[in-house]
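Heads up: the structure comes next, in structure tokens.
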Amino acid sequence: MPSVHDWIDTPLNIVEDIFAQSSGSPQWEAKVLEYFREKLKDGDAWNWVPSLNDVPLHNLKANSLVKFRCFVQDMFDPEFYVGIYEKIDITSKSKVLSFGKYKDVAECGVDLNSSNTVTSERQTFYCVPIPGDYASSSQACALPSTSYTPCRHKRSYEEDEDVDPQPYKQKDPVVGTGPQCMMDNHSSGDSKRMEIEPPAQISPPSGCSSPLDLNFPLPGEKGPACLIKVYEDWETFKVNDMLEVFGILSVDPVLSVLSEDKDALLLDPMDCVESAEERRVHSPPASLVPRLHMLHARRLQHNNPLLPPADLEEKNSFTSVFLSELASVRADLLDYLTHVLLGDALAAEYLILHLISSVYARRDILPLGKFTLNLSGCPRSSTFTEQLYCVIQQLVPMSFRLGMSLHNMNSLRFVPQKDYTANRLLSGLLQLSQNTSLFLDETQLEPGQLDAAGVRNITALGNLISWQKVDYDFSFHQMEFPCNINVLITSEGKSLLPSDCQVHLQPKQFPPSMMEDQLNSLRFPLTPSSINSFRIYLSLLRTLEYSISQEVTKAVEDDFVEMRKDDPQSISAEDLHRMLVVARLLSLSAGETTLSLDQWMKAKHLEILRVNRLETQRSVNGNEP
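Residue 486 in the UniProt record's numbering is what sits at position 486 of the sequence shown, and the numbering runs on without skipping anything.
Pasting the structure below:
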């Protein structure tokens with residue numbers, strides 16, 4: 001009976017045994033998949049498999065079983081390979097059947113003229129670490145390194161006490177320094193998540209430079225890129241999926257030689273039609289972009305390691321236990337965000353609703369559940385927006401801050417674009433996974449002229465916010481990719497971009513004129529347990545089902561008619577829709593999966609306070625706040 005070390009360290013030996021026992025019959029492939037799936041179901045076995053995200057490539061054993069939490073950035077054309085072939089056994093000098101599945105290079109002594117040769121097809125996914133993922137930032141650059149300090153795949157609540165109190169913060173040295181964060185006294189230098197600087201930072205940092213563009217969607221990203229070889233059901237996966245892949249690692253040096261030697265013997269007749277650039281992109285050196293032959297994969301509905309995967313049975317019991325203490329977690333989070341927002345409890349309420357919002361359905365072209373928040377009244381001359389982002393990035397699994405300076409808007413590529421020369425999809429800033437928090441800092445706006453690229457970028461942001469879609473550029477046409485991205489806009493006045501809700505910041509602790517002096521003193525230390533509770537709260541509530549009973553629906557309709565009775569212009573259908581969204585999110589924030597009249601009245605009250613504040617601000621300024 002194979003031990004743990006056998007099926008993890010030498011999985012190809014297991015495959016070979018199953019192939020031999022099946023005498024090459026078609027059933028052998030299904031038996032291989034079933035074997036490894038059963039092994040991974042055994043208790044905590046999936047945690048025993050080393051992770052390509054955490055362990056540098058040179059510390060992983062070739063042809064061993066590894067896992068990779070990744071983002072499908074591109075899909076290449078299907079490729080043919082020799083699935084079954086005959087070879088000459090060196091000892092007996094007789095012909096024996098062998099398999100080419102889960103391998104990149106065939107063994108010596110292949111009989112190419114054998115009638116038993118079977119040609120098969122597989123798909124190749126180009127995968128990168130999940131964009132904006134805090135865990136990805138801790139991985140060394142993709143180039144082989146000379147030293148290695150083992151790091152953990154996941155942190156438990158208790159382990160957080162032994163590390164930096166900002167576990168979502170990148171620890172690697174980066175160019176420049178950022179503002180201090182509110183959660184601790186350490187300097188923030190996260191180039192991956194802080195405001196984008198000029199395009200020089202889009203190229204890999206010094207020490208991680210490479211002649212091959214690894215095509216990460218976000219600038220400053222680190223971690224391994226990988227070619228995933230998929231053999232079954234590849235049509236069930238799509239671009240931008242988050243996956244956890246278990247597969248056999250292939251880093252055969254021959255792959256690097258073939259990719260660099262333009263005069264090498266072509267193994268595939270189709271290679272002759274590839275350009276040099278296409279061959280370079282599709283067959284990069286294995287030492288830089290390893291191959292992973294998929295045995296099992298699961299699509300990730302969330303990327304929070306503190307929550308159990310959605311397909312595991314313990315998810316329901318975990319949810320029930322957490323909901324029993326949800327009220328106190330919500331109260332603590334509201335207090336914390338109120339402090340972060342300078343004492344503004346109303347803005348803190350709406351920020352919570354924004355952070356748990358998610359697109360749950362689409363009716364025609366309308367995405368339901370989105371809640372883009374425009375936090376206006378943010379000071380331009382202070383580090384407030386940087387501080388606020390620093391807090392948010394520690395509470396959500398994936399985030400990115402875009403400073404909307406004129407230079408960034410005109411020079412950066414937001415929308416992915418098809419490169420027909422290299423036959424690949426060039427990534428863009430808006431190629432993000434679901435439930436990513438996108439922080440748009442409009443306080444960075446400055447006088448100037450948008451060029452054609454800048455106008456296209458603004459249009460792309462507007463489409464993302466309004467329709468939760470990004471139109472990828474395929475030169476001769478555009479292809480619509482639906483998305484589910486939480487967008488928070490910070491601005492001085494009302495944002496130039498559309499939003500679902502505007503809340504004007506109203507500091508309570510001190511006058512705005514003193515804000516610059518007071519920001520550095522805003523310290524609200526949290527225990528690791530509290531931070532993790534907040535992370536679970538914000539991620540878990542996005543996964544809850546929600547419904548409205550017929551009785552409550554009728555009561556809401558009657559209430560809407562009553563509100564319009566005296567002044568039909570006082571409330572529109574759009575206002576009703578926003579109140580229903582607020583009521584839904586209020587219910588979910590309290591752990592309630594159905595709307596009650598009490599939550600409906602609370603939603604109405606919040607909206608009245610918010611609108612009155614905007615009207616007051618408008619009358620003070622004499623224009624739109």
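In this text, a Cβ means the ideal position worked out from N, Cα and C, and glycines have one as well.
Notebook entry, point to check: In terms of residues, what are the limits of the alpha helix (DSSP H) holding glutamine 27?
Noted result: 27-41
Check: Among Val55, Phe76, Tyr85, Phe371, which one has its Cα closest to the Cα of phenylalanine 466?
Finding: In the sequence as displayed, the identity of residue 466 is serine instead of phenylalanine. For the residues Val55, Phe76, Tyr85, Phe371, the minimum Cα distance to serine 466 belongs to Phe371.
Next item on the list: Could you tell me which residues DSSP pairs with cysteine 108 in its beta bridges?
Entry: The partner list for cysteine 108 (beta bridge, DSSP) is empty, contrary to what the question assumes.
Notebook entry, point to check: So what does aspartate 419 bridge to, in DSSP terms?
Noted result: Arg424
Notebook entry, point to check: Can you tell me the Cα-Cα spacing of serine 530 and glycine 43, whole angstroms?
Noted result: 28 Å
Check: Which one or two residues does DSSP pair with lysine 87 in a beta bridge?
Finding: Val96, Val110
Next item on the list: From the DSSP output, in three-state form, read off glutamate 446 for me.
Entry: coil
Notebook entry, point to check: Under the DSSP definition of a beta bridge, which residues are partnered with asparagine 374?
Noted result: Ile489, Gln502
Notebook entry, point to check: How about leucine 292 and valine 321: are their beta carbons less than 8 Å apart?
Noted result: no
Margin query: Please classify threonine 319 as buried or exposed, where buried requires at least 16 other C-beta atoms within 10 Å of its C-beta.
Written below: buried
Next item on the list: Please state whether DSSP places serine 358 in a helix, a strand or coil.
Entry: coil
Checklist line | Exposure of glutamine 478, with buried meaning 16 or more beta-carbon neighbours within 10 Å | finding: exposed
Notebook entry, point to check: Per DSSP, cysteine 127 forms a beta bridge with which residues?
Noted result: Val72, Cys226
Next item on the list: Rounded to whole angstroms, what's the CA-CA distance from leucine 306 to serine 328? Just pull it up for me.
Entry: 19 Å
Notebook entry, point to check: To the nearest angstrom, how far is it from the Cα of alanine 140 to the Cα of glutamate 607?
Noted result: Note that alanine 140 scores a pLDDT of 34, beneath 50, so its modelled location is shaky; the value from the coordinates is reported in the next line. Those two C-alpha atoms are separated by around 47 Å.
Item checked: Nearest to alanine 286 (by Cα), restricted to the options Tyr231, Leu351, Leu60, Ile18 -> Leu60
Note to self: Check this for me: beta carbons of leucine 445 and valine 487, under 8 Å apart or not?
What the structure shows: no
Next item on the list: May I have the straight-line CA-CA distance separating proline 367 from aspartate 233, to the nearest angstrom?
Entry: 28 Å
Next item on the list: Give the secondary structure of tyrosine 102 by DSSP, where H, G and I count as helix, E and B as strand, and everything else as coil.
Entry: coil
Next item on the list: Counting only the same chain and skipping the five closest in sequence on each side, list residues whose C-beta sits under 7 Å from that of cysteine 226.
Entry: Leu52, Phe68, Cys70, Cys127, Val289, Pro290, Leu292
Next item on the list: May I have the straight-line CA-CA distance separating valine 503 from lysine 469, to the nearest angstrom?
Entry: 24 Å
Notebook entry, point to check: Rounded to whole angstroms, how far is the Cβ of glycine 343 from the Cβ of lysine 602, which I believe are closer than 8 Å?
Noted result: Contact doesn't hold; Cβ gap of about 21 Å is too wide.
Next item on the list: Go to aspartate 451, then tell me how far its alpha helix (DSSP H) extends in each direction, as first and last residue.
Entry: Note, aspartate 451: premise wrong, no alpha helix (DSSP H); not H, not E.
Next item on the list: For my contact list, aspartate 6 and isoleucine 18 are in at a C-beta cut-off of 8 Å; report their separation, rounded to the angstrom.
Entry: 13 Å between Cβ atoms; not a contact.
Margin query: Here's the rule I'm using: 16 or more other beta-carbon atoms within 10 Å means buried, otherwise exposed. How should arginine 610 be labelled?
Written below: buried
Next item on the list: From the DSSP output, read off the bridge partner residues of glutamate 480.
Entry: Asp471
Margin query: Just to confirm my understanding: we take isoleucine 548, look at its own chain, exclude 5 residues before and 5 after, and list those with CB closer than 6 Å. What are they?
Written below: Leu595
Note to self: Among the candidates Leu351, Arg424, Ser250, whose CA atom is the shortest distance from the CA of valine 281?
What the structure shows: Arg424
Next item on the list: In the DSSP assignment, find the unbroken beta strand (DSSP E) run with glutamate 221 in it and report its ends.
Entry: Note, glutamate 221: premise wrong, no beta strand (DSSP E); not H, not E.
Checklist line | Touching by the beta-carbon criterion (3+ pairs, under 8 Å), the segment 337-356 and the segment 404-421 | finding: no
Next item on the list: Could you check if arginine 37 is buried or exposed, using at least 16 other CB atoms within 10 Å of its CB as the buried criterion?
Entry: exposed
Check: Are at least three pairs of beta-carbons, each pair with one atom in the segment 532-541 and one in the segment 571-578, less than 8 Å apart?
Finding: no
Next item on the list: Determine the DSSP secondary structure at valine 118, reduced to helix, strand or coil.
Entry: strand
Margin query: I need the straight-line Cα distance from arginine 456 to serine 499, nearest angstrom please.
Written below: 18 Å
Item checked: Where histidine 58 sits in the DSSP three-state scheme -> helix
Check: First and last residue of the alpha helix (DSSP H) that includes isoleucine 18?
Finding: 11-21
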